[in-house]
Amino acid sequence: NAGVTQTPKFQVLKTGQSMTLQCAQDMNHEYMSWYRQDPGMGLRLIHYSVGAGITDQGEVPNGYNVSRSTTEDFPLRLLSAAPSQTSVYFCASSPLPEYSNQPQHFGDGTRLSIL
Amino acid sequence: KQEVTQIPAALSVPEGENLVLNCSFTDSAIYNLQWFRQDPGKGLTSLLLIQSSQREQTSGRLNASLDKSSGRSTLYIAASQPGDSATYLCAVMNRDDKIIFGKGTRLHILP
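Chains as they are written, first to last, in this note's numbering: chain A, 2 to 116; chain B, 13 to 123.
Following this line, the structure appears as structure tokens:
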């Protein structure tokens with residue numbers, strides 16, 4: 002099993018550019034989520050999804066869009082990149098928490114720099 | 013709004029000592045609490061998950077406890093080793109399906 006796969010691993014963008022961070026999981030997990038990690042800040046939830054066709058906002062959703070057309074994929078879109086979005090982005094998946102004792106599985110992260 | 017606090021922010025202890033990391037949260041309406049380990053420049057590795065109905069979980073030298081009524085969890089590491097040096101993160105899964113992380117404790121085990 003590949004687990005949770007994030008692509009790309011590194012990316013440099015110019016201010017105003019758009020891009021999509023990809024996240025895919027092969028464990029048939031209903032719950033998927035995106036986080037950003039900044040120095041000294043822990044991880045902050047951007048968006049999450051409890052199943053295909055269902056998404057919701059986390060703590061820091063501004064500037065980011067998501068969609069969940071399939072169970073496997075949960076892409077994160079930056080519509081107009083800003084230097085404040087320079088961060089490390091993590092994707093995670095798990096079964097629905099109310100029915101499972103399984104932990105969150107994390108991808109290896111995407112390191113994004115906005116110039 | 014759920015807030016998760018981890019104390020201390022950093023800790024250095026000699027090899028072989030037992031140690032305790034603390035995590036507190038403000039809203040007890042949670043499904044579970046998880047402890048993760050993160051090495052520098054790497055992703056997160058799940059250590060232990062405690063469901064809201066449980067009091068503790070154990071894995072090898074690690075033991076995590078949960079007191080939901082007081083909003084506290086502890087991670088106990090027995091007989092610490094240099095390889096335990098990492099950042100330890102606590103996260104709660106709220107009943108609104110949002111996961112909230114603490115800022116972590118940076119642990120350094122001195123050889």
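Built from N, CA and C at the ideal position, the CB exists for glycine as well.
Values in this document were obtained by computation on a predicted structure and should not be read as measured data.
Inspect the beta-carbon positions of residue i and residue j and report whether they are closer than 8 Å.
i, j, result
"Leu80(A)", "Asn63(A)", "no"
"Glu29(B)", "Ser77(B)", "no"
"Ser81(B)", "Ser40(B)", "yes"
"Gly114(B)", "Thr17(B)", "yes"
"Tyr32(A)", "Ser95(A)", "yes"
"Ile89(B)", "Arg73(B)", "yes"
"Pro40(A)", "Thr111(A)", "no"
"Ile111(B)", "Ala103(B)", "yes"
"Ser50(A)", "Phe75(A)", "yes"
"Ser58(B)", "Pro104(A)", "yes"
"Leu60(B)", "Trp47(B)", "yes"
"Arg107(B)", "Ala21(B)", "no"
"Phe91(A)", "Leu56(B)", "yes"
"Tyr36(A)", "Leu22(A)", "no"
"Gln97(A)", "Thr16(A)", "Position check: residue 97(A) holds Leu in this sequence, whereas Gln was assumed. No, these two residues do not count as a Cβ contact at 8 Å."
"Ile55(A)", "Arg78(A)", "no"
"Pro72(A)", "Asn29(A)", "The sequence shown places Thr at residue 72(A), not Pro. Yes, they are a contact pair."
"Gln14(B)", "Phe37(B)", "yes"
"Leu122(B)", "Ser24(B)", "yes"
In the DSSP assignment, find the unbroken beta strand (DSSP E) run with residue i in it and report its ends.
i, result
"Thr6(A)", "Val5 to Thr8"
"Met28(A)", "Where Met28(A) is concerned, there is no enclosing beta strand (DSSP E), given that its DSSP letter is neither H nor E."
"Asn106(B)", "Ala98 to Asn106"
"Gln58(A)", "Ile55 to Gln58"
"Asp79(B)", "Leu74 to Asp79"
"Tyr43(B)", "Ile42 to Gln50"
"Thr17(B)", "Val16 to Ile19"
"Asn66(A)", "Tyr65 to Val67"
Could you please give me the residues that DSSP links to residue i through a beta bridge?
i, result
"Leu46(A)", "Tyr36(A)"
"Val126(B)", "A query on residue 126(B) cannot be resolved here, the shown segment of chain B reaching from 13 to 123 and no further."
"Val25(B)", "Ile121(B)"
"Ser68(B)", "What sits at residue 68(B) in the sequence shown is Glu, not Ser. DSSP output for Glu68(B) lists Ser77(B) as bridge partner(s)."
"Tyr90(A)", "Arg37(A) and Thr111(A)"
Applying the 10 Å Cβ sphere with the 16-neighbour rule, what's the burial state of residue i?
i, result
"Val5(A)", "buried"
"Ala25(A)", "buried"
"Ala82(A)", "buried"
"Ala3(A)", "exposed"
"Gly83(B)", "buried"
The stretch 17-29 of chain A: positions lying closer than 7 Å to chain B by Cβ: none
field: Residues in the stretch 58-69 of chain A having any Cβ partner in chain B nearer than 8 Å
entry: Gly59 and Glu60
field: Positions along the stretch 32-49 of chain A whose CB lies within less than 8 Å of some CB in chain B
entry: Tyr32, Ser34, Tyr36, Gly41, Met42, Gly43, Leu44, Arg45, Leu46 and Tyr49
- prompt: What residues in the stretch 50-61 of chain B have a beta carbon less than 7 Å from any beta carbon of chain A?
  reply: Gly55, Leu56, Ser58 and Leu61
Near-chain B residues of the stretch 98-111 of chain A - C-beta to any C-beta below 7 Å: Pro98, Glu99, Asn102, Pro104, Gln105, Phe107, Gly108, Asp109 and Gly110
message: Residues of the stretch 112-123 of chain B in Cβ contact with chain A at a cutoff of 9 Å, in chain order, please.
response: Ile112, Phe113, Gly114, Lys115 and Gly116
- request: Quick one: which residues of the stretch 61-83 of chain B get their C-beta closer than 7 Å to a C-beta of chain A? List them in chain order.
  value: Leu61 and Gln63
field: Residues, ordered as in the chain, of the stretch 35-50 of chain B that lie near chain A by beta-carbon distance below 7 Å
entry: Tyr43, Asn44 and Gln46
Interface residues of the stretch 85-108 of chain B facing chain A [CB-CB below 7 Å]: Leu101 and Met105
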